[in-house]
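In the working numbering, the protein residues as written are 2 to 427.
Just so it is clear, CB atoms sit at the ideal spot from N, CA and C, and this is done for glycine as well.
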């Protein structure tokens, strides 16, 4: 019997023995790789088709994103309404997303309905027709949304800081305009679809309470498609960062708030410093108890929230600081950010603070592994970045063992005001 008069012992999250559930791997007849996590108590499944069809591969702005958006807006035998009705009938959800390097189609459904839905996904991947009427509606809606968003300082700041860090002609730095939408032609979407979807490079990620014959179902529907049959183009984009480092933009003369972005180009996950820098970033501005939040939000009251983070790109990255502050305290906010950088360079992190961050990061990692969908998402990140499961365990060891002296050395190496672009949009 439990003794209710004695409080249970407190266990540090850092001492948890975390493990990454292995994923099953197999290949369809057309050499399409499949990665699967069979887990969970509910009869639900998630299947995601990942194509190398992001804006990295487009030769004209917004072609990749618009192609992805219109995938389920009409095929040879179904219009957009019929496609949506079909998935709605089975209580399923079909989504599509476009990123810098990749584009995805994601299906969530009950396990028992998978065999009814996979053929329609295949239809979308092989028979989409991109009707002119649907394209016209998409262009009109996106232009209206863009015009509304351009009045928002934070939206403008997000666009501009990426341009300054990466260059406008780099996929990570370019952004859209109404002129881009006006110039978009259906034939460009069809050509991109033919090259990067119908005949493109694809991999499949599956998770949930998977049917025992999932490999057979996938192979029957997708194993004969001409996926992964060609060679993907090798495209390199040089970084063309801006020469000027400080920018002040007036977007709304009557506005009372300014959007602040500070960033520097940074290395990707393959750099040996990256896991340790993630710990340093959390101390700096990566969670609610960070230095930036404690100083600029709690002490100074300049903002409701300020955060720093490492962008999750595959080829290049950036170390970013993001906040919105009162128009009259934007410059003071930037000064305090630099003050916190200086503290990290000059003073070793106290043990109590470092232990707090270790617990937070391990606890967050534990939450990120809560369920099959989250587990396959982490596997997807590793696979797309050319990493293996050892990276997971190495990261945990880094969180547990990185020292204050190592973090101070990293701050002295990377946290210098001269390295950062400054942008204030008011």
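Residues near residue i in its chain [Cβ-Cβ closer than 7 Å; skip 5 each side]
i: residue 22; result: 38, 40 and 376
i: residue 420; result: 265
i: residue 233; result: 53 and 202
i: residue 147; result: 177 and 179
i: residue 416; result: 342, 345 and 346
Own chain residues within Cβ distance below 6 Å of residue i, not counting five before or after
i: residue 10; result: none
i: residue 27; result: 35 and 216
i: residue 206; result: 36, 49, 377 and 381
i: residue 246; result: 422
Boundaries of the beta strand (DSSP E) in which residue i is found, first to last residue
i: residue 249; result: 247 to 250
i: residue 26; result: 25 to 28
i: residue 267; result: 258 to 267
i: residue 48; result: 45 to 52
i: residue 2; result: Unbroken run through residue 2: none, as it is neither H nor E.
i: residue 349; result: It is not in any beta strand (DSSP E) - residue 349 carries neither H nor E in the DSSP assignment.
i: residue 322; result: 318 to 327
i: residue 423; result: 422 to 426
i: residue 35; result: 34 to 39
i: residue 307; result: 307 to 311
Rounded Cβ spacing between residue i and residue j (contact assumed at less than 8 Å)
i: residue 158; j: residue 422; result: About 11 Å; that fails the 8 Å criterion.
i: residue 88; j: residue 94; result: 7 Å
i: residue 19; j: residue 400; result: Not really, about 10 Å apart at Cβ, beyond 8 Å.
i: residue 277; j: residue 408; result: 7 Å
i: residue 240; j: residue 167; result: 6 Å
i: residue 427; j: residue 328; result: 5 Å
i: residue 393; j: residue 318; result: Not a contact, Cβ separation roughly 19 Å.
i: residue 231; j: residue 200; result: 6 Å
i: residue 181; j: residue 62; result: 5 Å
i: residue 116; j: residue 218; result: 6 Å
i: residue 388; j: residue 315; result: Actually they are not in contact, since the Cβ atoms of residue 388 and residue 315 sit about 11 Å apart, beyond 8 Å.
i: residue 326; j: residue 303; result: 5 Å
Residue range of the unbroken alpha helix (DSSP H) whose run includes residue i
i: residue 396; result: 390 to 402
i: residue 415; result: 405 to 415
i: residue 234; result: No alpha helix (DSSP H) holds residue 234; DSSP gives it neither H nor E.
i: residue 176; result: From DSSP, residue 176 is part of no alpha helix (DSSP H); its letter is neither H nor E.
i: residue 383; result: 373 to 385
i: residue 138; result: 133 to 150
Proximal residues to residue i (C-beta, below 8 Å), its chain only, five neighbours per side dropped
i: residue 190; result: 64, 67, 68, 71, 131 and 136
i: residue 411; result: 274, 277, 278 and 281
i: residue 76; result: 84, 124, 125, 128, 129 and 130
Along the chain, which unbroken stretches of the alpha helix (DSSP H) at least 4 residues long are found entirely within the segment 65 to 123?
81 to 90
Just checking, does the segment 98 to 107 make contact with the segment 54 to 69 on the three C-beta pairs under 8 Å criterion?
yes
Does the contact criterion of 3 or more C-beta pairs under 8 Å hold for the segment 202 to 222 versus the segment 166 to 179?
no
Determine, using beta-carbon pairs with one atom in the segment 286 to 293 and one in the segment 333 to 350, whether at least three such pairs fall under 8 Å.
yes
Check whether the segment 42 to 49 and the segment 107 to 125 are in contact - that is, three or more C-beta pairs closer than 8 Å.
yes
Are at least three pairs of beta-carbons, each pair with one atom in the segment 320 to 334 and one in the segment 298 to 309, less than 8 Å apart?
yes
Between the segment 144 to 157 and the segment 255 to 264, do at least 3 Cβ pairs fall closer than 8 Å?
yes
Where in the segment 158 to 226 do unbroken runs of the beta strand (DSSP E), each at least 3 residues long, occur, reported from the N-terminal end onward?
203 to 209
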